[in-house]
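> Residue numbers (this note's numbering): 383 to 528.
Beta carbons are placed, not taken as given, at the ideal position from N, Cα and C, and that holds for glycine.
Here the structure is a predicted model, which is why all the values come from computation and not from measurement.
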Amino acid sequence: MPFDPSLDISIRFKAPATEVWSALTDEQAVAKWWPAFRMRIKRPGGDKFTVNAGPGAPPKSRQRVKIKILKIVPHEEIRLKLHSEPGAFDSVVHIYLSQLKHKSRLRVVESGLPDNGSSHQIVTECREAWRTALSAISEYVDGATP
């Protein structure tokens, strides 16, 4: 079976979906779990910003991601187009949020990663960056590392 350069990560939070949504979209909340990240998630198609690749990345990291918001369904979904440097590759990220009976669930699907000799390394690095971000969100909304 061929390697599909994509990733699919889910995490559950004790916090309700409304709190997780705020942690993802409220500028002041994001600044608490990802201090170096300055953003505005307000308008699909109109908002673009560049960030270091993950909340654990050093402030002057060479790993940068340009982000364009493609779609927002409040409290349910965010779709982003990413352009990562170095490496000059594009990907699409779908972030899905759902309220479960006693918890909330956040699912991140990143697709369109390069299918070349570096695919495994790129997927591994992207997965690690998402895990770091999701752990930071978990610590922020639940007060503990998952």
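(1) Would you identify the three-state DSSP class for ALA511, choosing helix, strand or coil?
(2) Identify which residue in VAL402, ALA413, ARG446 and ASP408 has its Cα closest to the Cα of LEU488.
(3) Taking the CB atoms as reference points, tell me whether ASP472 and GLY494 lie closer together than 8 angstroms.
(4) Quick one: what does DSSP say HIS502 is sitting in, helix, strand or coil?
(5) What span of residues does the alpha helix (DSSP H) with GLU401 cover, start to end?
(6) Measuring CB atoms only, is the segment 403-411 touching the segment 495-515, in the sense that at least three cross pairs come out at less than 8 angstroms?
Working from what's here:
(1) What you label residue 511 is simply residue 129 of the sequence shown in a count that begins at 1. Look at ALA511 here: in three-state DSSP terms it is helix.
(2) Sequence index remark: in the sequence shown, residue 488 carries index 106 (1-based). The option with the nearest alpha carbon to LEU488 is VAL402.
(3) Your numbering for residue 472 matches position 90 in the sequence shown. Your numbering for residue 494 matches position 112 in the sequence shown. For ASP472 and GLY494, yes; Cβs fall inside 8 angstroms.
(4) What you label residue 502 is simply residue 120 of the sequence shown in a count that begins at 1. In the structure shown, HIS502 sits in a helix (DSSP, three-state: H, G or I).
(5) For this step, residue 401 is matched to residue 19 along the sequence shown. Residues 399-407.
(6) When Cβ pairs closer than 8 angstroms are counted between the two stretches, the segment 403-411 is seen not to touch the segment 495-515, the count staying below three.
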